[in-house]
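For the sequence shown, the numbering used here begins at 137 and goes up steadily by one. Everything below concerns the one structure shown next.
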Amino acid sequence: MCQLLAMSSSKPAAVDFSFAGFALRGSEHRDGWGIALHTSSGCKLYTDSLASTHSPLAAQIRDHPVKARNVVAHIRKATQGRISLENSHPFTRELWGQTWSFAHNGDLKLFDPNPSLYSPHGDTDSERAFCHLLSGLALRFETRPPRHVLFGALETLAGEIAAYGSFNFILSNGELLFAHCSTELHVVVREYPFSVAQLVDCDLSIDFSKHNHLDDRIAVIATQPLTSNEAWTRFAPGELKLFVNGLDVGSAPVRRQEWELEICC
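What follows is the structure, given as structure tokens:
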């Protein structure tokens with residue numbers, strides 16, 4: 137099974153600690169990796185067909201982290217498609233003038249939708265699903281709808297695709313981060329009072345109270361928990377969550393205080 141990692145933060149933050157443990161899972165999931173960093177200057181995409189444990193690019197990302205508000209990362213264990221750069225997640229496309237990044241964990245058997253507004257560059261079920269999702273949204277809305285309307289449309293589309301198999305995915309445009317669970321997905325929210333976290337995959341820990349401020353809030357989503365001493369919450373099968381500024385807002389409309397937080401951070 138592939139591995140997913142995502143982050144939604146109230147302020148630009150580095151994902152180097154979580155990524156250090158996550159990248160080590162490439163010893164078992166060896167068929168490529170990638171990361172999309174949604175920064176103030178746009179979406180920076182890095183992908184590789186090498187295992188994350190042997191990739192100089194992964195080492196560079198780990199040792200020279202880039203701060204971002206939203207992050208989507210993936211480690212691949214191929215079920216469909218060649219081991220190649222074009223099949224490494226995340227995938228990105230433009231919709232409503234924004235760059236959307238997408239990564240999938242699962243296997244969608246016999247999923248072969250009719251060609252629509254977006255076409256895959258590779259030959260994975262994952263990229264076909266991404267193109268189908270964005271095509272479905274573009275056909276429904278000429279411009280980006282309110283987030284609670286977008287949530288409902290994505291929930292419908294995700295349910296239709298999940299009928300073909302397991303469809304765990306992360307989708308972000310740099311402001312909104314959606315996480316959908318078919319089988320396995322977990323989340324932890326790091327906020328005040330911050331504590332020490334210990335990675336599962338290596339002997340590395342960090343005291344977040346020394347690196348964060350009182351108003352910082354970071355949601356980290358992963359296929360399997362990355363730390364051994366934090367309270368990770370498991371998604372329910374079929375559940376879609378939406379994170380904004382590190383907060384799980386679900387399908388709720390935008391409230392004024394949230395809008396003010398977004399423009400002040």
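Glycine included, C-beta positions come from ideal geometry on N, C-alpha and C.
Quick test of your reading: residue i and residue j, contact by CB under 8 angstroms. State the CB separation rounded to the nearest angstrom.
i      : j      : result
ALA172 : VAL207 : 7 angstroms
GLY157 : ASP337 : 4 angstroms
LYS245 : TYR300 : 6 angstroms
ASN223 : GLY168 : 7 angstroms
GLN334 : THR363 : 6 angstroms
ASP243 : SER302 : 6 angstroms
ALA289 : LEU273 : 6 angstroms
Pick out whichever of the options has its Cα sitting closest to the Cα of residue i.
i      : options                        : result
LEU383 : SER191, SER145, MET137         : SER145
HIS316 : ILE342, LEU269, LEU186, ILE354 : LEU269
SER331 : TYR300, GLY386, ALA367         : ALA367
MET143 : ILE306, GLU375, THR319         : ILE306
LEU313 : LEU335, SER302, ARG283         : ARG283
VAL385 : GLN334, GLU164, GLY374, VAL325 : VAL325
PHE277 : HIS174, ASN223, ASP248, LEU253 : LEU253
ARG166 : PRO148, PRO281, LYS213         : LYS213
PHE227 : PHE344, GLN216, ARG218, HIS210 : HIS210
THR369 : GLU320, SER387, ASN250         : GLU320
THR215 : ASP259, ILE342, CYS267         : ASP259
GLY217 : THR175, VAL151, GLU263         : GLU263
PHE155 : GLU311, THR175, LEU275, SER341 : SER341
VAL380 : GLU164, LEU160, ALA159, HIS174 : HIS174
LEU378 : VAL285, ASN348, TYR182         : VAL285
Could you check if residue i is buried or exposed, using at least 16 other CB atoms within 10 Å of its CB as the buried criterion?
i      : result
TYR328 : exposed
PHE153 : buried
ASN309 : buried
CYS138 : buried
SER318 : buried
SER177 : exposed
ASP248 : exposed
HIS225 : buried
VAL390 : exposed
ASP339 : exposed
ASN365 : exposed
ALA372 : exposed
THR279 : exposed
ALA388 : exposed
CYS400 : With a pLDDT of 33 at CYS400, under the threshold of 50, the modelled position of that residue is not reliable, and the figure given next carries that caveat. Flag for CYS400 reads exposed.
LEU160 : buried
With a Cβ-Cβ cutoff of 9 angstroms, do residue i and residue j count as a contact?
i      : j      : result
ILE357 : HIS322 : yes
LEU140 : ASN304 : yes
SER185 : SER220 : yes
ALA204 : LYS180 : yes
LEU376 : PHE287 : yes
ASP125 : LYS147 : The displayed coordinates of the chain run from 137 to 401. Any statement about residue 125 would go beyond what the structure contains.
PRO256 : PHE266 : yes
Check whether the Cβ of residue i sits closer than 8 angstroms to any heavy atom of the ligand COA, and report yes or no.
i      : result
GLU164 : Of ligands this structure carries none, so the ligand COA is not represented either.
Evaluate contact between the segment 235-243 and the segment 188-201, counting only Cβ atoms and requiring at least three cross-stretch pairs below 8 angstroms.
-> no
Contact between the segment 216-235 and the segment 286-294 (3+ Cβ pairs under 8 angstroms) | no
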